[in-house]
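First up is the structure itself, then whatever we jot down about it.
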Amino acid sequence: MDDMFRFADEFGPFKIIHVYEPSADLKAILVVDNIARGPAIGGVRMATDVSTEECFRLARSMTLKNAAADLPHGGGKVVIYGDPRMPQEKKSQMLRALASALRYEEEYIFAPDMGTDEICMACIKDEIGRVVGLPCEVGGIPLDEVGATGWGIAQATEIVLQYCDFELKDARVVIQGFGAVGRHAARFLTQRGAILVGAADSRGTVHDPDGLDVDTLIRLKKEGKSVLDYPGGKKFDSNAVIAIPYDIWIPAARPDVINENNVHLLNTKLIIEGANIPITGKAEKTLYEAGILYVPDFIANAGGVICAAAEYQGATQCTAFGSIEEKVRKTQLRYWKLQKRKESSQGKLHSSLP
Numbered sequence: 001m002d003d004m005f006r007f008a009d010e011f012g013p014f015k016i017i018h019v020y021e022p023s024a025d026l027k028a029i030l031v032v033d034n035i036a037r038g039p040a041i042g043g044v045r046m047a048t049d050v051s052t053e054e055c056f057r058l059a060r061s062m063t064l065k066n067a068a069a070d071l072p073h074g075g076g077k078v079v080i081y082g083d084p085r086m087p088q089e090k091k092s093q094m095l096r097a098l099a100s101a102l103r104y105e106e107e108y109i110f111a112p113d114m115g116t117d118e119i120c121m122a123c124i125k126d127e128i129g130r131v132v133g134l135p136c137e138v139g140g141i142p143l144d145e146v147g148a149t150g151w152g153i154a155q156a157t158e159i160v161l162q163y164c165d166f167e168l169k170d171a172r173v174v175i176q177g178f179g180a181v182g183r184h185a186a187r188f189l190t191q192r193g194a195i196l197v198g199a200a201d202s203r204g205t206v207h208d209p210d211g212l213d214v215d216t217l218i219r220l221k222k223e224g225k226s227v228l229d230y231p232g233g234k235k236f237d238s239n240a241v242i243a244i245p246y247d248i249w250i251p252a253a254r255p256d257v258i259n260e261n262n263v264h265l266l267n268t269k270l271i272i273e274g275a276n277i278p279i280t281g282k283a284e285k286t287l288y289e290a291g292i293l294y295v296p297d298f299i300a301n302a303g304g305v306i307c308a309a310a311e312y313q314g315a316t317q318c319t320a321f322g323s324i325e326e327k328v329r330k331t332q333l334r335y336w337k338l339q340k341r342k343e344s345s346q347g348k349l350h351s352s353l354p
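Here the sequence shown is numbered in full-length UniProt numbering, starting from 1 and rising by one per residue.
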């Protein structure tokens, strides 16, 4: 009994459901963390190393994210045990089985996440209809395709730089995880004058202090290739992306990639959390003590869920992107004003805050 409720606190989780359907080779977990603001929105993540604890932490992050963005939704998450590179037919079968199993869990609204996309969401729509992040052909806003989260990251970066001693123009950016979030963040930031000097995926890292061509990297990833196939730059293993010298570091891959064992390797002025829970609590404390400013996930990468909530209300992509810009900027300004006030009252104002 104690083990079952080890995650419980005053906020949740409201519900944890384990789903097992052997005919579809489906093992999944749903965590509906909190529904005080409305039905929970959160993505369906597929990976080979997910767990109940990770699902809870991701759902809690969604609770905070949706509240910070003033959305009429609580936080939830689904994780599926599986290799996201499996054939689409098998993946679709798993998603349909998942939707069928959770048909009556109306407190949760499905959305895409790492390892799933708008095609997966279309399968869920066929089964139960309670889903966002759909293909545009069926009236949805394909979150990964349009780069909603990356757009939000760009907005968050522009705002936080008001509290830094350097500008976005010519700022050196490194992105860990050049998938749906990372590649769009790179595109929007370089359009604003930043220089991408490093990028990493699960197979390796490419680095060029003079800058990488973002369009070439995006094309390679769309072709199913790695950043290691980039024609130029120096190549390293995936972990090397942490220690490259840069101004802005964006983790956009898995949770807990920065921990107490490697946080000292970071060589950056600013961190924008493109992934959910990419830094452990102990590592965050080390960053604070070192004077390294970071924008937490529930603010930095809220663009995706803001877009999803807008789609749920029937908004267009143009309207959704306007909402992302407005809400991320408003939340950022409020967050840093509160942070400055808190640190001033404690007599230990962060060196990066004016």
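We put the CB at the ideal spot given by N, CA and C, even for glycine.
All values derive from a computational prediction rather than experimental measurement.
Per DSSP, which one or two residues make a beta bridge with residue 75?
34, 41
Counterpart residues of residue 129 in DSSP-defined beta bridges
DSSP lists no partner for residue 129.
Residue 94 (DSSP reduced to helix, strand or coil):
helix
Name the residue from 157, 235, 52 whose alpha carbon lies nearest to the alpha carbon of residue 3.
52
Can you tell me whether residue 47 is helix, strand or coil according to DSSP?
strand
Restricting to Cα atoms, I'd like to know which of 261, 58, 118 is closest to residue 239.
261
Thinking just about the alpha-carbon of each residue, which of 339, 336, 323 is nearest to the one in residue 151?
323
Out of curiosity, what's the CA-to-CA distance linking residue 50 and residue 114?
11 Å
To the nearest whole angstrom, what separates the beta carbons of residue 246 and residue 198, a pair I think is in contact under 8 Å?
7 Å
What did DSSP end up calling residue 268 once you bin it into helix, strand or coil?
coil
With DSSP collapsed to three states, give me the class of residue 187.
helix
Tell me the residue span of the beta strand (DSSP E) that contains residue 21.
15-21
Checking the sheet assignment: what are the DSSP bridge partners for residue 208?
Answer is none; residue 208 lacks a bridge partner.
Give me, in chain order, the residues of the same chain whose beta-carbon lies closer than 6 Å to that of residue 348; leave out the 5 immediate sequence neighbours on both sides.
Its pLDDT being 48, under 50, residue 348 is placed unreliably in this model, and the coordinates cannot settle the point.
Check the Cβ-Cβ distances between residue 214 and every residue of chain C, and say whether any is below 8 Å.
Of the protein chains in the structure, only one exists, and it is not chain C.
Please state whether DSSP places residue 322 in a helix, a strand or coil.
helix
Segment limits, beta strand (DSSP E) that includes residue 196:
195-201
As assigned by DSSP and simplified to three states, the class of residue 141
coil
Along the chain, which unbroken stretches of the beta strand (DSSP E) at least 3 residues long are found entirely within the stretch 237-307?
248-251, 270-272, 293-295
Assuming the contact rule is C-beta atoms closer than 8 Å, residue 253 and residue 177 should be a hit. Round their C-beta distance to whole Å, please.
3 Å
Can you list, in chain order, the residues of its chain with a C-beta nearer than 6 Å to that of residue 353? Leave out the 5 residues immediately preceding and following it.
Annotation note: pLDDT 46 at residue 353 (below 50); position unreliable, coordinate value reported separately. If we look at residue 353 and ignore the five residues flanking it on each side, its Cβ neighbours are 163, 340.
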